[in-house]
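Numbering (my numbering), first residue to last: 1 to 388.
We put the beta carbon where it would ideally sit given N, CA and C, even for glycine.
Report on the following structure.
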Amino acid sequence: MCASGRKLVLDLPLKVILTEQGASHFISQKKKLLRFRLADNVEEYGVQFQSFTPCSLQKMLLADYVSKIEISMPEFVSSRQEIMDLSKLIVFSVLYKQFDRQILNNVLETDCVRRYNRQHPSELLDQKTQMRDSDLRSFFSGKDETIEAARKKILEPIWATIVNNAELNPKEKNIQLLMAEKYLNRLSLFNWYIIIKFFKTDGFPEILRAIRSTHSEYMERSKVAEYISLMVMELALNSENANMRKEAAIMYRGLQDNEKLVFDPEIRKKIIQELTRKNELVFISWKLGGGSASIGKQGRIQITLYNKNDEFQEVKENIETKKSANVNKKSLIDFYRELPDGQEGTDLGLYYLSYLDEACKKVNVKFESLVNQYSSSDLTVINLIFNF
Numbered sequence: 001m002c003a004s005g006r007k008l009v010l011d012l013p014l015k016v017i018l019t020e021q022g023a024s025h026f027i028s029q030k031k032k033l034l035r036f037r038l039a040d041n042v043e044e045y046g047v048q049f050q051s052f053t054p055c056s057l058q059k060m061l062l063a064d065y066v067s068k069i070e071i072s073m074p075e076f077v078s079s080r081q082e083i084m085d086l087s088k089l090i091v092f093s094v095l096y097k098q099f100d101r102q103i104l105n106n107v108l109e110t111d112c113v114r115r116y117n118r119q120h121p122s123e124l125l126d127q128k129t130q131m132r133d134s135d136l137r138s139f140f141s142g143k144d145e146t147i148e149a150a151r152k153k154i155l156e157p158i159w160a161t162i163v164n165n166a167e168l169n170p171k172e173k174n175i176q177l178l179m180a181e182k183y184l185n186r187l188s189l190f191n192w193y194i195i196i197k198f199f200k201t202d203g204f205p206e207i208l209r210a211i212r213s214t215h216s217e218y219m220e221r222s223k224v225a226e227y228i229s230l231m232v233m234e235l236a237l238n239s240e241n242a243n244m245r246k247e248a249a250i251m252y253r254g255l256q257d258n259e260k261l262v263f264d265p266e267i268r269k270k271i272i273q274e275l276t277r278k279n280e281l282v283f284i285s286w287k288l289g290g291g292s293a294s295i296g297k298q299g300r301i302q303i304t305l306y307n308k309n310d311e312f313q314e315v316k317e318n319i320e321t322k323k324s325a326n327v328n329k330k331s332l333i334d335f336y337r338e339l340p341d342g343q344e345g346t347d348l349g350l351y352y353l354s355y356l357d358e359a360c361k362k363v364n365v366k367f368e369s370l371v372n373q374y375s376s377s378d379l380t381v382i383n384l385i386f387n388f
């Protein structure tokens, strides 16, 4: 199952930029790649979806086929849940991959594996070990009962802790139980090879401890995904509302209360149509850190939000040629504090930001934010960077 189980299909216009590995896979399947000009005016190759299944996108993410995902819309309110589901799916995909890497690191450091390597120098189990998937699947053939027994051995105390947690309601317990299984289900074949190989040996309790401690750590880290999705949605809505207020002031000159105009359903529809015509959209991109070959960056996600307007190309050129000195850089919290008094969402944004920052610190996830505002245009670029 995928991280996002709310809907079988998400109706969102995605540009999915592929890694070299991903591009090779699609080309081998005789799929034509598209050339995109992204919001930052960089041209990349990838595939485009107007709708997609969460499972199919997560498979691409877990296979390291995706380097960036971008979505652009004039308004996000009508797709709120889908955007949040997409954000959580991306974060969980990174968490699953990091979990798998850390499990492998920890298991390889156990005394029983080191002892095995000394006794079997021609069959070393280490980071350089290469085993074909076909050989691994052949090893697992006929071992279904052993695999299930090992799986239960790992999960039983974890399940018991969740079920006996009086602070969780029944729905939260079900979510936690499902998440506990998902992490284990995402382990690589090589990790499962080591688990099964040592399952009935004296060294297995040590491997159990290594797996359970890492599992507990990542169950806690999972909480960050919810806060990230809320923060992304809040920033998108703030940008959307800023665009709508600006357009309402142009379309309905002389009327003082643009706030009411923006939330009138019929007028809002007209404003959205005009923003679409002008290509004044809000963009969100998720850049995934470096691929499997970039040591230390595999667990990095950079989320960027900004409005695109007619002057964006000029701003981009100014940045590239270092002509634009009038650029204000600040943290996200300073950005929120400097928004005009009474602007909707300011308190809520600070609230989400506070919880996100606290949640990241608790589980040792590095989080930083930066807001660039360009005085030559209305462009505001917000970067949220996470390193898991």
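Quick check on DSSP: helix, strand or coil for residue i?
i: N372; result: strand
i: L305; result: strand
i: T276; result: helix
i: N364; result: coil
i: K171; result: helix
i: R118; result: helix
i: G203; result: coil
i: K316; result: Per-residue confidence for K316 stands at a pLDDT of 47, beneath the threshold of 50, marking its modelled position as unreliable; the derived number appears in the next sentence. Note: K316 maps to helix in three-state DSSP.
i: Q67; result: Inspection of the sequence shows that residue 67 is occupied by Ser rather than by Gln. In this structure, S67 counts as strand in the three-state DSSP scheme.
i: R245; result: helix
i: F263; result: coil
i: R337; result: helix
i: V16; result: strand
i: R268; result: helix
i: R300; result: strand
i: V9; result: coil
i: D111; result: helix
i: Q127; result: coil
i: D357; result: helix
On the DSSP letters alone, give me the boundaries of the alpha helix (DSSP H) that residue i sits inside.
i: E193; result: It is worth fixing the name first, because residue 193 is Tyr in this sequence and not Glu. Counting along the chain, the alpha helix (DSSP H) containing Y193 begins and ends at L189 to F198.
i: T161; result: D144 to V163
i: K97; result: R80 to L108
i: L57; result: P54 to L62
i: L136; result: D133 to F140
i: S331; result: Where S331 is concerned, there is no enclosing alpha helix (DSSP H), given that its DSSP letter is neither H nor E.
i: Q21; result: E20 to S28
Between residue i and residue j, what straight-line distance do the alpha-carbon atoms span, to the nearest angstrom?
i: L18; j: F283; result: 18 angstroms
i: F140; j: Y193; result: 8 angstroms
i: F52; j: N117; result: 45 angstroms
i: G5; j: V107; result: The predicted position of G5 is uncertain, since its pLDDT is 46 and thus under 50; no value can be drawn from it.
i: L14; j: I303; result: 15 angstroms
i: R300; j: G289; result: 5 angstroms
i: S292; j: N238; result: Residue placement at S292 cannot be trusted, given a pLDDT of 48 that sits under 50; what the coordinates show is reported in the next sentence. Between S292 and N238, the C-alpha separation is close to 35 angstroms.
i: K182; j: L155; result: 11 angstroms
i: N372; j: P121; result: 54 angstroms
i: D310; j: K269; result: Its pLDDT being 45, under 50, D310 is placed unreliably by the model, and nothing is read from it.
i: L230; j: R245; result: 22 angstroms
i: A150; j: I272; result: 55 angstroms
i: V16; j: R212; result: 34 angstroms
i: L95; j: A359; result: 15 angstroms
i: Y355; j: I90; result: 20 angstroms
i: A249; j: L8; result: 40 angstroms
i: L125; j: L177; result: 31 angstroms
i: A242; j: E145; result: 58 angstroms
i: F199; j: E20; result: 37 angstroms
i: N105; j: Q81; result: 36 angstroms
i: L370; j: F335; result: 9 angstroms
i: Q130; j: A166; result: 45 angstroms
i: K153; j: N174; result: 19 angstroms
Inspect the beta-carbon positions of residue i and residue j and report whether they are closer than 8 angstroms.
i: V42; j: F26; result: no
i: F76; j: I83; result: yes
i: V232; j: V363; result: no
i: E280; j: M251; result: no
i: A236; j: L332; result: no
i: S28; j: L61; result: no
i: L10; j: D85; result: yes
i: I207; j: S87; result: no
i: I103; j: N164; result: no
i: A180; j: M219; result: yes
i: Q298; j: R132; result: no
The beta strand (DSSP E) with residue i in it runs from where to where?
i: F76; result: Note, F76: premise wrong, no beta strand (DSSP E); not H, not E.
i: Q48; result: E43 to F49
i: S391; result: Since the first and last residues shown for the chain are 1 and 388, residue 391 lies out of range.
i: V381; result: T380 to N387
i: A253; result: According to the sequence as given, residue 253 is Arg; it is not Ala. Counting along the chain, R253 falls outside any beta strand (DSSP E), and DSSP gives it neither H nor E.
i: L475; result: Any property of residue 475 remains undetermined from this structure, which presents the chain solely from 1 to 388.
Around the C-beta of residue i, are 16 or more other C-beta atoms found within 10 angstroms, so that it is buried, or is it exposed?
i: F99; result: buried
i: V113; result: buried
i: L34; result: exposed
i: N169; result: exposed
i: P74; result: buried
i: K59; result: exposed
So is residue i in contact with chain D if we call contact Cβ pairs under 8 angstroms?
i: N164; result: Absent from the structure is chain D; it holds one protein chain and no more.
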